[in-house]
């Protein structure tokens with residue numbers, strides 16, 4: 010597609026359930042980022058992929074959070090045993106080059122996760 | 028770590044000029060981005076500064092002073108559609124060059 014696509018756009022889940030969020034980056038973009046945006050907060054970095062590997066996963070809040078990327082393309086962010094504090098908008102962004110090279114990130118519209 | 032500070036909210040009048048400031052403390056500064064985010068939408072890129080000075084792009088300009096750890100986004104001839112959140116993001120060697128975002132400034136433009 011023309012832009013970064015995320016699915017689902019909205020997800021309501023019960024506390025304790027697992028959820029999977031999907032990101033389809035722009036074709037050919039090697040860098041992929043996951044961020045979390047809570048109400049009134051800035052974008053909180055979660056994890057960065059370069060190709061299929063994750064050189065920086067320092068932002069993952071706990072071991073309930075994991076992510077993978079396959080084929081240098083699609084990425085999934087998995088949250089196990091969801092908690093109410095996980096409620097937020099999860100944004101994915103991709104970029105044609107690694108970070109630090111004057112490279113803007115292109116964002117998807119996000120997945121709004123609500124844990125009830 | 029990195030610290031980025033922006034005002035939470037600003038209001039301005041249609042047709043006016045508004046300046047949104049961003050201050051940062053970081054190790055190994057590399058560059059600074061400004062993004063615009065309308066409610067419920069994806070952030071979109073506005074500008075990138077790596078050297079000191081003013082970068083102009085139509086109605087929007089962005090300024091950087093590396094020595095002061097300071098940037099601003101200047102919006103001229105404000106339109107109602109400029110009502111949005113404006114996000115300042117910094118890349119630095121201290122953060123592996125991954126963009127670190129401030130909390131954003133919510134700009135409300137009124138008639």
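Protein chains in written order, with my numbering: chain A, 10 to 125; chain B, 28 to 138.
Where is the CB? At the ideal position from N, CA and C, for every residue including glycine.
No experiment lies behind these values; they were computed from the predicted model shown.
Taking C-alpha atoms, which residue in A/62, A/87, A/80 and A/18 lies nearest to residue 70 of chain A?
Nearest option by C-alpha distance: A/87.
What does residue 114 of chain B touch in chain A if you count any residue whose Cβ is under 8 Å from its own?
Correct list: 51 and 52.
Within 8 Å of any Cβ in chain B, is that where the Cβ of residue 63 of chain A sits?
Chain B contact via Cβ: absent.
Does residue 129 of chain B come out as helix, strand or coil in the three-state DSSP assignment?
Reduced to three states, the DSSP call for residue 129 of chain B is coil.
Measuring from the CB of residue 88 of chain B, is there a heavy atom of the ligand ADP at a distance below 7 Å?
No copy of the ligand ADP occurs in the structure displayed, which carries no ligand at all.
Let me check understanding here. Comparing Cα to Cα, which of B/66, B/125 and B/132 lies closest to residue 115 of chain B?
Measuring from the Cα of residue 115 of chain B, the nearest candidate turns out to be B/132.
With a Cβ-Cβ cutoff of 8 Å, do residue 40 of chain A and residue 103 of chain A count as a contact?
Their beta carbons are under 8 Å apart, which means residue 40 of chain A touches residue 103 of chain A by this criterion.
Using the beta-carbon of each residue, which ones in chain B are nearer than 9 Å to residue 118 of chain A?
Within 9 Å Cβ-Cβ: 67, 68 and 69.
Tell me where the beta strand (DSSP E) around residue 220 of chain B begins and ends.
Since the first residue shown for chain B is 28 and the last is 138, residue 220 of chain B is missing from the structure and cannot be characterised.
Show which residues of chain B have a CB atom less than 7 Å away from the CB atom of residue 111 of chain A.
Neighbours of residue 111 of chain A on chain B, chain order: 58, 75 and 77.
Can you tell me whether residue 93 of chain A is helix, strand or coil according to DSSP?
Helix.
Mind checking residue 114 of chain A: buried by the 16 CB within 10 Å criterion, or exposed?
Per the 10 Å Cβ criterion, buried.
Whose C-beta lies closer than 8 Å to the C-beta of residue 58 of chain B among residues of the same chain, with five residues either side of it excluded?
Only 75, 76, 77, 117 and 118 meet the Cβ criterion.
Please decide whether residue 90 of chain B counts as near chain A, where near means a Cβ-Cβ distance under 8 Å.
Output row for residue 90 of chain B: interface = no.
Under 8 Å, do residue 28 of chain A and residue 91 of chain A count as touching if we go by C-beta distance?
Going by C-beta atoms, residue 28 of chain A is nearer than 8 Å to residue 91 of chain A.
Going by beta carbon distance, what residues of the same chain come within less than 6 Å of residue 57 of chain A, once the five residues before and after it are set aside?
Excluding sequence neighbours, residue 57 of chain A sits near 42 and 65.
Using a cut-off of 9 Å between C-beta atoms, extract the partners of residue 114 of chain A located in chain B.
Within chain B, the residues near residue 114 of chain A are 60, 62, 70, 72, 116 and 126.
State the CB to CB distance for the pair residue 63 of chain B and residue 111 of chain B, rounded to an integer number of angstroms; the pair is presumed to be in contact (CB under 8 Å).
That belief holds up - the Cβ atoms of residue 63 of chain B and residue 111 of chain B are roughly 5 Å apart, short of 8 Å.
Apart from the five residues just before and just after residue 73 of chain A, which ones in its own chain have a Cβ nearer than 7 Å to its Cβ?
Answer for residue 73 of chain A: 88, 89 and 90, listed in chain order.
So, helix, strand or coil for residue 84 of chain B, using DSSP?
Of the three classes helix, strand and coil, the one that applies to residue 84 of chain B here is strand, per DSSP.
Judging by CA-CA distance, which residue of A/68, A/100 and A/38 is the nearest neighbour of residue 71 of chain B?
Measuring from the Cα of residue 71 of chain B, the nearest candidate turns out to be A/100.
Please determine, among B/106, B/98 and B/69, the residue with the shortest C-alpha to C-alpha distance to residue 135 of chain B.
Comparing Cα-Cα distances from residue 135 of chain B to each of B/106, B/98 and B/69, the minimum goes to B/106.
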